[in-house]
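All remarks here apply to the structure that follows.
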Amino acid sequence: MSNVVVVESPAKAKTINKYLGDSYTVLASFGHVRDLPPKDGSVLPEDGFAMSWQSDERGSKQVAAIAKALKGATRLFLATDPDREGEAISWHVRAMLEERNALKGIDVQRVTFNEITKSAIRHAMEHPRQLDVPLIEAYLARRALDYLVGFTLSPVLWRKLPGSRSAGRVQSVALRLICEREAEIEVFKPREYWSVTAALVTPAGAPFTARLTHLNGTKLDQFDLSNAEQAEAARKAVEAEPLSVRTIERRKVRRNPQPPFTTSTLQQEASRKLGMSAQNTMRTAQQLYEGIELDGETVGLITYMRTDGVTMAMEAVQAIRQHIGARIGNEYVPDKPRIYTSKAKNAQEAHEAVRPTDISRTPESVARYLNHDQKRLYELVWKRAVASQMESASLDQVAVDISGPSNQTVLRANGSIITFDGFLRLYREGQDDTEKTADDESRMLPPMREQDLLNREEVQADQHFTQPPPRFSEASLVKKMEELGIGRPSTYASILTVLQDRSYVRLESRRFIPEARGRLVTAFLVSFFERYVDTGFTANLEALLDDISGGRAQWKEVLASFWQDFSKAVAGTKELTITDVLNALDKDLGPFFFPPRPDGSDPRHCTSCGSGRLGLKLGRYGAFIGCSNYPECQYTRRLTSDSAEDGDGESALKDGMRLLGQHPQTGEDITIRQGPWGLYAQQGEPDPADKKAKPRRASLPKGMDGERITLEQAVGLLSLPRLVGHHPETGEVIEAGLGRFGPYVKMGAVYGSLDKDDDVLTVGLNRAVDALAKKLASIRTLGNHPTDAEPVLVRKGRFGPYVQHGSMVATLPRGTDMDVVTLDEAVALLAEKGKPLKAKAGAKKKTTTKAAPRKTAAKTTTKKATTKSKAVADDAAGAEPAAKPAAKPRKAAAPRKKKAD
1 MSNVVVVESP
11 AKAKTINKYL
21 GDSYTVLASF
31 GHVRDLPPKD
41 GSVLPEDGFA
51 MSWQSDERGS
61 KQVAAIAKAL
71 KGATRLFLAT
81 DPDREGEAIS
91 WHVRAMLEER
101 NALKGIDVQR
111 VTFNEITKSA
121 IRHAMEHPRQ
131 LDVPLIEAYL
141 ARRALDYLVG
151 FTLSPVLWRK
161 LPGSRSAGRV
171 QSVALRLICE
181 REAEIEVFKP
191 REYWSVTAAL
201 VTPAGAPFTA
211 RLTHLNGTKL
221 DQFDLSNAEQ
231 AEAARKAVEA
241 EPLSVRTIER
251 RKVRRNPQPP
261 FTTSTLQQEA
271 SRKLGMSAQN
281 TMRTAQQLYE
291 GIELDGETVG
301 LITYMRTDGV
311 TMAMEAVQAI
321 RQHIGARIGN
331 EYVPDKPRIY
341 TSKAKNAQEA
351 HEAVRPTDIS
361 RTPESVARYL
371 NHDQKRLYEL
381 VWKRAVASQM
391 ESASLDQVAV
401 DISGPSNQTV
411 LRANGSIITF
421 DGFLRLYREG
431 QDDTEKTADD
441 ESRMLPPMRE
451 QDLLNREEVQ
461 ADQHFTQPPP
471 RFSEASLVKK
481 MEELGIGRPS
491 TYASILTVLQ
501 DRSYVRLESR
511 RFIPEARGRL
521 VTAFLVSFFE
531 RYVDTGFTAN
541 LEALLDDISG
551 GRAQWKEVLA
561 SFWQDFSKAV
571 AGTKELTITD
581 VLNALDKDLG
591 PFFFPPRPDG
601 SDPRHCTSCG
611 SGRLGLKLGR
621 YGAFIGCSNY
631 PECQYTRRLT
641 SDSAEDGDGE
651 SALKDGMRLL
661 GQHPQTGEDI
671 TIRQGPWGLY
681 AQQGEPDPAD
691 KKAKPRRASL
701 PKGMDGERIT
711 LEQAVGLLSL
721 PRLVGHHPET
731 GEVIEAGLGR
741 FGPYVKMGAV
751 YGSLDKDDDV
761 LTVGLNRAVD
771 ALAKKLASIR
781 TLGNHPTDAE
791 PVLVRKGRFG
801 PYVQHGSMVA
811 TLPRGTDMDV
821 VTLDEAVALL
831 AEKGKPLKAK
841 AGAKKKTTTK
851 AAPRKTAAKT
861 TTKKATTKSK
871 AVADDAAGAE
881 PAAKPAAKPR
891 KAAAPRKKKA
901 D
């Protein structure tokens, strides 16, 4: 009889099945098999926080497959991931199997492993345990808390702040951090200061530079030289007397390596050094953990990647030390193994650090089996783990003081020399682009002695300004959240993704910038739910949840304590009026939406009517800027911190419209309008006498600001597609246009997608040819069809290669190589099996009141044919982005109930 093993992913199931052999059946749960349904009443605080679980179709299907496999089996091993979520998945699987009565006579055991290797799997199977009840209760508490916050707070947002998406227990705190940093930047006032540096030369002729540190016998602080006059006086003082070396100070410094990666430090370093997002980092690490096929064997290359521990198994440490001695040198092996402890707040250290499962699998030896991201991330993990056990680096730091005979003016030169590179030979810590990048060891000073007379070549006074605090990058935000103890490292990637998906923030130049919607949500929560977006409160709650997992607290008591105060806070907002909300938001965000004008006039003065006052307004689609004289004055403006155009009443969207001017050829009005699917440009107005005639429209490309678009740009969009030029080799016409999938270039029947940074109005011939070349790599032109002058093409599609002639397409027979198909074969195939490209377009669904008799065989055949035809059409549609019809204003549907985070 076989034993049944349940893991989370099919990739992991395939690998583990090879290790365990035929006496085991390994099945995947595909993650969670059930969850709380996204509706009210899924958690009942008044009923002891009872939870109503619901399984989707996939979850039920997987549990049914497990139940089927258990027939005749004697043991069930729950081998999901070794963390809280993995424990919860095992608990859900067991509960659903019990509901099916599928566990009678079955011995249920829980096994965990930190790496997917043959030895680790076999060791885990030999040492099973029972489900960890405190860990499951910690999961239940977190899931209930997230549900209660999301499904209680989000409806308050929807009612009191239209246009909001959702609120979350940790998500909202992370958003607050981003918004508060932006507010710091906005109120920051740069302060001027100057520095004086001298270019000097030693008696041996070696150049170096020194910075002025003392003037008139007094040490200079940062702002002591605050203007050009003071700086010039200091510069002349340096030039007034000869300079010589006064003192030389030398000291030895040791730099120790960083510990191996945890989840958060892996995300931070991958962001800094590789430019990978937190989500991409975790996805790629999951692939490396679950297994990569190496010479026919699937092997997990790294240990479990969701961890806050920095320790490594002693066997791994010894293997790394042996590798260092054999491959790098014995002088790089420290006398004793390095032992690390976590400094992160609330760290549980339940698992090892992220490390290679086998240190002998060097990045070079496995590179050919990995894709681009896998290769880079594995190299990062491998080098960090090895470097963590290497000898420290030694540096000689030198500080030279230089002065004149009076000793009233002193300059200092700093530098250092690496005397032993140690771990730096293999790995250097990445740095954020806002951090100091010139390390001490990169600056060297020439040999010199005390009393050496120095030649002065040039003395410069340089102006500087203090800089505002930098916006958060993914790396710095993850680091900040970990320092504060907010959330858990395994959730950071999803939190950052949700903030972007909700359009609360955007990532620009790898920096988070809060959108107006995010600023409004944060201001609302801080005004009326300040405690629940407070970093200290959230961190303390995380500590309580960790106490539950450690068996030090009762989960229902923690929930009851939270819910008692939280429900009162929510109830207190029921009487809130729109005026109350607007006043609170206006007080907090007034400086953001109404910054001072250059001319010193009142930034809230409405120049459209001349007497009204601008302020925040709330509409069914969200907040906007409006005039107090509404409805007499219908001035409106989208939320933005830039009011440069605010002085011109015609520059704002009036009644959802902004007039740009008149078309240079037709004289028709060119307007920017707000439609249900976004902003669009319109030429002219509808003709009341001809209802079928529609004015020309064009959607604004993503990223184009409706308040800054010019008349020339709008006319350009309305005239698309435009001629780019002729192909330098074939002479064919190349055009640029906008389609459903964004900007594109077109040559005949071949379409090439442009990047989001490409401007469809200005893209040149070279860029267009390059975009088309990428597309042409997947297309072969066989020649012209014998019946007309149109070419016959062979294309790569999602479901295999196919041939196309005009609007007719036909898939190639299975196994046919697109590179060997001839024109005659393609023509014959089109004649025999060709289908119209848009055969399904405009088809109406047929309805009947009486079910037709079953005809299984015919139904199956028809379904296959339809699917095949649809696949061909889909492939062709993906290859030819059609021009998207302009957004047509229409009555919006009633908003659906939104899912809380």
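Numbering (the UniProt record's numbering), first residue to last: 1 to 901. Each residue gets a CB set at the ideal place from its N, CA and C atoms; glycine is no exception. On a predicted model such as this, the values are computed, not experimentally measured, just so you know.
Check                                                                                                        : Outcome
Cα-Cα separation, Pro10 to Val381                                                                            : 24 Å
Alpha-carbon spacing of Ala237 relative to Asp224, whole angstroms                                           : 15 Å
From Phe799, Arg142, Gly217, residue whose alpha carbon lies closest to that of Thr409                       : Gly217
Which of helix, strand or coil DSSP assigns to Gln662                                                        : strand
CB contact flag (Asp452, Pro203, <8 Å)                                                                       : yes
Residue nearest to Tyr147 in terms of C-alpha spacing, selected from Leu659, Val750, Met390, Ala167          : Ala167
Bridge partner(s) assigned by DSSP for His605                                                                : Arg613
Distance, Leu20 Cα to Arg122 Cα                                                                              : 8 Å
Buried or exposed by the 16-neighbour rule on C-beta atoms within 10 Å, applied to Ile578                    : exposed
Cβ neighbour criterion (16 or more within 10 Å) applied to Ala393                                            : buried
Buried or exposed by the 16-neighbour rule on C-beta atoms within 10 Å, applied to Ile339                    : exposed
Status (buried if at least 16 other CB within 10 Å, exposed otherwise) for Pro489                            : buried
Whole-number beta carbon distance between Gly415 and Arg449, since they are thought to touch under 8 Å       : About 15 Å; that fails the 8 Å criterion.
Residue span of the alpha helix (DSSP H) that contains Val149, given as start and end                        : 133-160
Buried or exposed by the 16-neighbour rule on C-beta atoms within 10 Å, applied to Ala543                    : exposed
First through last residue of the beta strand (DSSP E) which encompasses Met818                              : Looking at the DSSP string, Met818 is not in any beta strand (DSSP E), and its letter there is neither H nor E.
Whether Leu700 touches Ile709 by CB criterion (8 Å)                                                          : yes
Spatial distance of Arg211 from Tyr289 (CA atoms)                                                            : 51 Å
Cβ contact (3+ pairs, closer than 8 Å) linking the region 585-599 and the region 566-574                     : no
Arg798 to Gln682 span [Cα, whole Å]                                                                          : 36 Å
Cβ neighbours of Trp91 in the same chain (closer than 7 Å, five flanking residues each side left out)        : Leu131, Ile136
Boundaries of the beta strand (DSSP E) in which Trp194 is found, first to last residue                       : 192-201
Assigned secondary structure, Ser271 (DSSP; H/G/I helix, E/B strand, else coil)                              : helix
Coil, strand or helix - Met305 by DSSP                                                                       : coil
At least three beta-carbon pairs within less than 8 Å, the region 385-405 to the region 241-253              : yes
CA-to-CA distance, Leu36 to Ser42, given in whole angstroms                                                  : 6 Å
Nearest residue (CA-CA) to Leu76, options Val7, Val299, Ile486, Ala810                                       : Val7
Nearest-angstrom beta carbon gap, Thr209 and Leu200 [assumed within contact, 8 Å]                            : 7 Å
Val133, buried or exposed, once every other Cβ within 10 Å from all chains shown has been counted against 16 : exposed
Helix, strand or coil at Glu712 according to DSSP, with G and I counted as helix                             : helix
First through last residue of the beta strand (DSSP E) which encompasses Met747                              : 742-747
Any 3 or more C-beta pairs closer than 8 Å across the region 361-375 and the region 276-296                  : yes
Reference Gln467, options Arg552, Thr341, Pro190, Glu790, closest by Cα                                      : Pro190
Simplified DSSP assignment, three categories, for Glu450                                                     : coil
As assigned by DSSP and simplified to three states, the class of Ile116                                      : coil
Strand pairing of His805, partner residues [DSSP]                                                            : Val792, Met808
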